[in-house]
Amino acid sequence: MRNIVPVVDKKAFLRGFLKKHQLKRRECSWLLNYLMNDDQLMEKVHFLSCCEGTPKALIISAQGVDHIPFSFRKNDHVTTDCEKAFHDIRLNRTEEVYIELHFPDTDSYAQYLSVLEDNPYFPDTERLDALEKKAETVLTEAVRTFQQERLRKEIDEALDVGDKEAFMLLTKELNALR
1 MRNIVPVVDK
11 KAFLRGFLKK
21 HQLKRRECSW
31 LLNYLMNDDQ
41 LMEKVHFLSC
51 CEGTPKALII
61 SAQGVDHIPF
71 SFRKNDHVTT
81 DCEKAFHDIR
91 LNRTEEVYIE
101 LHFPDTDSYA
111 QYLSVLEDNP
121 YFPDTERLDA
131 LEKKAETVLT
141 EAVRTFQQER
151 LRKEIDEALD
161 VGDKEAFMLL
171 TKELNALR
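What the sequence shown shows, in the UniProt record's numbering, is residues 1 to 178, in sequence order.
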């Protein structure tokens, strides 16, 4: 995911999105068109897969998904009134607006994926990155330990049957793993 998406790309995505998907609430189309027609506002628009923790968020759903049609959250206040969201955005043009869209096949819609940004307010992003690295390290070590144990068993079998060539080859592999 990128963190700086050009306005042109955001507008192109929204144009295509609105042509392809019917939103559950018609007012949401009007709101997205309003944003799309104002480059200054579009600079403040960010598409996120999850708007958790953001100070100002629009959550909009298209037909075909099991999700609420619309919700607008500003700090701790939540409303399903699209008109209130419109007026807040219109009156507070300098505030960032985070948009979470729900529609079928989000994971395979390339244009959508190209405008997605990282959520700067998601508190666990750094912690999850650290956990991911730790899990990868643990997994790598577990695989290495398993391979060493397997090679030791094969070395023992080679010794039992007196296969010097297999013993030498397996010992070399085991030493390379260490």
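Glycine is no exception: its CB is placed at the ideal position from the N, C-alpha and C atoms.
Supposed contact pair residue j and residue i - C-beta distance, whole angstroms, cut 8 angstroms
| i | j | result |
| --- | --- | --- |
| I99 | H46 | 7 angstroms |
| L170 | A158 | 6 angstroms |
Cβ-Cβ distance between residue i and residue j below 8 angstroms
| i | j | result |
| --- | --- | --- |
| F103 | Y34 | no |
| L23 | A62 | yes |
| I60 | L101 | yes |
| E173 | N119 | no |
| I155 | F146 | no |
| K10 | V115 | yes |
| K74 | P55 | yes |
| L48 | E117 | yes |
C-alpha gap between residue i and residue j, whole angstroms
| i | j | result |
| --- | --- | --- |
| R144 | L177 | 7 angstroms |
| R150 | K134 | 24 angstroms |
| H77 | G16 | 31 angstroms |
| E27 | E141 | 54 angstroms |
| T137 | D129 | 12 angstroms |
| D105 | N175 | 48 angstroms |
Of the listed residues the options, nearest to residue i (C-alpha basis)
| i | options | result |
| --- | --- | --- |
| P6 | D39, R150, T140 | D39 |
| R93 | M42, A142, V78, V65 | M42 |
| V8 | K19, C82, N37 | N37 |
| Y121 | T80, V97, E141 | V97 |
| H21 | T54, I4, P69, L48 | P69 |
| T80 | V115, T171, L58 | L58 |
| V65 | F72, A12, R25 | R25 |
Original post:
Quick one: complete beta strand (DSSP E) runs, 3+ long, within the segment 49–122?
Top reply: Counting whole runs of 3 or more residues, the segment 49–122 contains the beta strand (DSSP E) stretches 56–61, 70–74, 77–79, 97–102.
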